[in-house]
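As structure tokens, the structure follows; a few thoughts come after it.
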Amino acid sequence: MSSAGAAQVTTDRVRVRAPGKVNLSLRVGRPRADGYHPLSTVFQAVSVYEEVVATAADDLTLTAQGPGAEQVPLDDTNLAVRAARALARYAGVEDGVHLHLVKGVPVAGGMAGGSADAAATLVACDELWGTGLAREELTSLAATLGADVPFALLGHTAVGTGRGDLLTPAMSRGEFCWAFAVQDEGLSTPAVFGAFDALHGYQPQPSGGAPVERDDEVDLMHALRAGDPVALGAALHNDLEPAAVTLAPRLSRPLAVAREAGALGVVLSGSGPTVAALARSPQHA
Ligand code: C5P
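Quick note on numbering: my numbering labels position 206 of the sequence shown as 279, and the sequence is numbered without any gaps.
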């Protein structure tokens, strides 16, 4: 499964998985008045998952387990809590829920683990509370929570425009093998976008940032349709990579190690700091 969807239900408990992602291409424009950047990106879900177990409760509470769980805030700032509150508000639900997160995606790694928690929480609470929202309603709620949350609901492969939240599904064949170099310390997404602006001398545009000049990603799309890892490796691209390396110079090492190990392509995942290396086979990965 590579989207947040199939819920496993018992009477008062729902379990939903949602995938992390890698941006195969990420092109970033000048910031808009609200500070967000117009993007043109190609997302692909990867088989690294977040799991959310939602249990009926009187209040709204949260626990987390798994690698890096101690770094996850358990208060109202957590995206899963915000997702549950947003759904309750929208659907007029007064029930509570206990959310338990089983972290599989690196925390603050640029692979949208928090967004996957939010997407899985929307699906789980929708089932638990019997609110039965349409997919479009869940997607609209997802977009209010963060730019990457709609993709975590949709999964598979998609082109993202706008803030990355306007999605068009894309075709991808076969299987690609990745090795992810996870870092001990995360990078803040706003800080990386800020460093990107500083590198380019960009200021927020009062009139709203123009859409990013679209590269139609002909080579990338062809590589995906053909299931061709060599062509995909050559087409990987991330405009945020120089900014992330400026903030975290230590990233140049995993980037270089992956290239020396014969990766078909190496790219920073999202705003980093996870480095994604495309391998020839599971053994090579
Ligand atoms: O939407 P999300 O909460 O994931 O975004 C986190 C931050 O990343 C935003 O506050 C913004 O600073 C930056 N961002 C951006 N342009 C985007 C997506 C995110 O500048 N398209």
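Think of the CB as a built atom: it goes at the ideal place given N, C-alpha and C, for glycine as much as any other residue.
This structure is a prediction, so every number in the text was calculated from the model and none was measured.
Residue i Cβ short of 7 Å to ligand 1 heavy atom set
i	result
Phe266	yes
Thr262	yes
Tyr109	yes
Val155	It should be noted that the sequence gives Arg, not Val, for residue 155. No - ligand 1 has no heavy atom lying nearer than 7 Å to the Cβ of Arg155.
Asp221	yes
Leu112	yes
Gly335	no
Arg236	yes
Pro104	yes
Paired residues, beta bridge with residue i - DSSP
i	result
Leu133	Val170
Tyr122	Pro92
Gly233	Thr114, Leu240
Ala127	Val87, Leu172
Beta-carbon proximity list for residue i, same chain, < 6 Å, skipping 5 on both sides
i	result
Thr134	His171
His310	Ser98
Ser342	Val95, Gly183, Met184, Ala349
Pro179	Val255, Thr347
Through-space distance from residue j to residue i, alpha-carbon basis
i	j	result
Leu99	Thr136	33 Å
Leu227	Gly187	15 Å
Pro242	Ala231	4 Å
Phe266	Leu313	7 Å
Ala352	Arg298	18 Å
His273	Val101	11 Å
Ser354	Asp168	47 Å
Arg332	Val166	51 Å
Pro284	Gly247	32 Å
Val145	Tyr122	16 Å
Gly235	Ala216	11 Å
His357	His110	36 Å
Asp289	Gly141	37 Å
His295	Leu147	42 Å
Val175	Val318	30 Å
Met244	Leu293	11 Å
Asp238	Thr204	23 Å
Within-8 Å CB hit, residue i to chain D
i	result
Ala268	The chain inventory of the structure shown lacks chain D, comprising one protein chain alone.
Proximal residues to residue i (C-beta, below 7 Å), its chain only, five neighbours per side dropped
i	result
Pro327	Ala254, Val348
Met74	With a pLDDT of only 49 at Met74, under the threshold of 50, the placement of this residue in the model should not be trusted, and no figure is reported.
Val410	Outside the shown range of the chain (74 to 358) lies residue 410, about which nothing can therefore be said.
Leu201	Val87, Ala127, Ala129, Val170
Gly108	Pro277
Helix, strand or coil at residue i [DSSP, three-state]
i	result
Gln144	helix
Ala349	strand
Ser344	coil
Thr262	helix
Arg208	helix
Gly267	helix
Thr84	coil
His357	coil
Ser75	coil
Val339	strand
Thr150	coil
Arg326	helix
Ala283	coil
Ala254	strand
Ser213	helix
Val101	strand
Own chain residues within Cβ distance below 8 Å of residue i, not counting five before or after
i	result
Leu214	Ala156, Ala159, Leu160, Tyr163, Leu195, Leu206
Ala336	Ala252, Gly306, Ala350, Leu351, Ala352
Pro279	Ala106
Ala120	A small correction: the amino acid at residue 120 is Ser; Ala does not occupy that position in the sequence shown. Closer than 8 Å at the Cβ level, and outside the excluded window around Ser120, lie Ser75, Pro92.
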